[in-house]
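Take 691 as the starting number for the sequence shown in the working numbering and just add one per residue. Down below is the structure, laid out as structure tokens.
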Amino acid sequence: MPYCVHCGVELDPSVHRCPLCGTVVLDPAAPAAEDGPPFFPTRPARVEPVSRRAAALLATSMLASVSVCCALLNLFLKPQYRWYLFVAGAAAMLWVWFVLPLLAKRWVPLWVRLTADVGAVAAYVALIALALDGWGWFFGLAVPVLALAAAVVCALSWLMRKGHSVLTTVTLVLAAVGIFCLGAEACGDLYFHGEWAPGWSLIVTVSCFGLCVPLLVVRRVPSLREEVRRRFHF
691 MPYCVHCGVE LDPSVHRCPL CGTVVLDPAA PAAEDGPPFF PTRPARVEPV SRRAAALLAT
751 SMLASVSVCC ALLNLFLKPQ YRWYLFVAGA AAMLWVWFVL PLLAKRWVPL WVRLTADVGA
811 VAAYVALIAL ALDGWGWFFG LAVPVLALAA AVVCALSWLM RKGHSVLTTV TLVLAAVGIF
871 CLGAEACGDL YFHGEWAPGW SLIVTVSCFG LCVPLLVVRR VPSLREEVRR RFHF
């Protein structure tokens, strides 16, 4: 005999409502009505992913609106200073970094992407130099540092083009950081003092290369390499 799911009273098999509390009686084993709506949708609902072009259009409109609003504000707030160039340069740099890859219809070589990224940074720094009337430090300091950074990143990307283990990747990154710090301090010393006197960069470089030595040892010894992989799950 069936029972009411609400009050527990015993029901007659022919009733459709509980005579005590009025709860509708539903029999899960009863065949479903052919003219009634199904319990579950016959077709799975699917939300179409946003296209790359639409995402690029949205990001471009956001960056452009911020730049235009700041340029208009600059007309009323301290117009003698061209501070809107900082915002416009940052927006242009972000557009090259994140939006331009969305517009590419096919795979772009790594050196092309790195050249575009470094060029965006150089353009941003150039806008800062334009706003501050500082073309001397731009060509004397910023351009050499950016060129050094581009060379180090391109060399690192070329060495890692075929993929390496985590240990090899960390070793190459540490070596690249050390080399860049040496070059950056050299550019700064030559610009400000006319001669290179290595100081903090030498400490950083020695530390980086000092960390590379045990990593190379671990990479060369199979037992140590497997132990590190087991301990750190990579």
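Don't be surprised by glycine CBs; every beta carbon is placed ideally from N, CA and C. This structure is a prediction, so every number in the text was calculated from the model and none was measured.
Whether residue i touches residue j by CB criterion (7 angstroms)
| i | j | result |
| --- | --- | --- |
| A806 | M783 | no |
| A781 | S751 | no |
| C760 | Y774 | yes |
| A749 | V789 | yes |
| L857 | R909 | yes |
| V714 | R707 | yes |
Residue i versus the options, residue with shortest Cα-Cα distance
| i | options | result |
| --- | --- | --- |
| A744 | C711, A794, C760 | A794 |
| L840 | A874, L892, P769 | The question names Leu, yet the displayed sequence has Ala at residue 840. The shortest C-alpha separation from A840 is found at A874. |
| G826 | Y881, Y774, A812 | Y881 |
| A866 | V896, C877, W801, K852 | V896 |
| V786 | A746, F766, P769 | A746 |
| G878 | R742, F828, V808 | F828 |
Cβ shell of residue i (< 8 angstroms), same chain only, five flanking positions each side left out
| i | result |
| --- | --- |
| V907 | L914 |
| L901 | L864 |
| A821 | Y771, R772, W773, L775, F776 |
| V808 | L836, A839, A840, V843 |
Bridge partner(s) assigned by DSSP for residue i
| i | result |
| --- | --- |
| E700 | Y693 |
| R707 | V714 |
Cβ neighbours of residue i in the same chain (closer than 6 angstroms, five flanking residues each side left out)
| i | result |
| --- | --- |
| C711 | H696, C697 |
| Y814 | G779, M783 |
| V737 | none |
Beta-carbon contacts of residue i that lie in its chain and below 7 angstroms, excluding the five residues immediately before and after
| i | result |
| --- | --- |
| W801 | C844 |
| A816 | F828 |
### Message
Check whether the stretch 830-838 and the stretch 869-879 are in contact - that is, three or more C-beta pairs closer than 8 angstroms.
### Response
yes
### Query
Does the stretch 883-898 touch the stretch 852-861, meaning 3 or more C-beta pairs lie closer than 8 angstroms?
no
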